[in-house]
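Q:
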């Protein structure tokens, strides 16, 4: 189970990691949590990120593209989740057939960083509708993250936390 301190530490480390969106290259980071960060090099995502970053993108298109990007990133981010067998009944013309399906094993929570992460929450919830949602508010001051709001549960009941924040600036540390 994740501890609140681990989640807060991970968020702090993630804020120190920056990615050049134009090249997809990860900037140097000494963070031990860097192994938990995946940089997608998918050409479709690079194309959509360019639309998202363009000053000519209108608000409706921005929200739509952000939702599309979130689906792709969520799909990739959840590729290492484990499953367990579950018995289900499948309708078959006039009868029902027993079948062994799969169910996600981990208890998942989403942690959008306020306010920008809220734009990704609905798409992620479409992927994992039973996920918990907890919020953290952060801003940057002198290149350091400052937390101003924390609604993580006092007792963590989740196995996996996805921190969602659509920061799309290309910055070098």
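In the numbering used here, the protein residues as written are 6 to 178.
Even glycine gets a Cβ: it sits at the ideal position worked out from N, Cα and C.
(1) I think residue 75 touches residue 125, with their Cβ atoms under 8 Å apart; what is that distance to the nearest whole Å?
(2) Compare the C-alpha of residue 164 against each of 112, 155, 123, 151 and name the closest.
(3) Please report the distance separating the alpha-carbon of residue 136 from that of residue 86.
(4) For residue 57, which beta-bridge partners are listed by DSSP?
(5) Nearest CA to the CA of residue 131: which residue from 155, 72, 57?
(6) On the criterion of 16 or more Cβ atoms from any shown chain inside 10 Å, does residue 160 qualify as buried, or is it exposed?
(7) Within this structure, are the beta carbons of residue 92 and residue 105 separated by less than 8 Å?
(8) Along the beta strand (DSSP E) that carries residue 94, what are the first and last residues, could you check?
(9) For residue 153, which residues of its own chain have a beta-carbon under 6 Å away from its beta-carbon, when the five flanking residues on both sides are left out?
(10) Run the CB neighbour count on residue 100, radius 10 Å, all protein chains shown included, and call it buried at 16 or more, exposed below.
(11) Just reading off the alpha helix (DSSP H) that residue 127 is part of, what are its end residues?
(12) Quick check on residue 37: does DSSP put it in helix, strand or coil?
(13) If you draw a straight line from the alpha carbon of residue 122 to that of residue 55, how long is it in whole angstroms?
A: Checking against the coordinates, here is how it stands:
(1) With a contact defined as Cβ atoms closer than 8 Å, residue 75 and residue 125 qualify at about 4 Å.
(2) 112
(3) 13 Å
(4) Answer is none; residue 57 lacks a bridge partner.
(5) 72
(6) exposed
(7) yes
(8) 88-97
(9) 142
(10) exposed
(11) From DSSP, the alpha helix (DSSP H) with residue 127 extends over 123-132.
(12) Low per-residue confidence applies at residue 37: pLDDT is 46, beneath 50, and the placement is therefore not dependable enough to give any value.
(13) 18 Å
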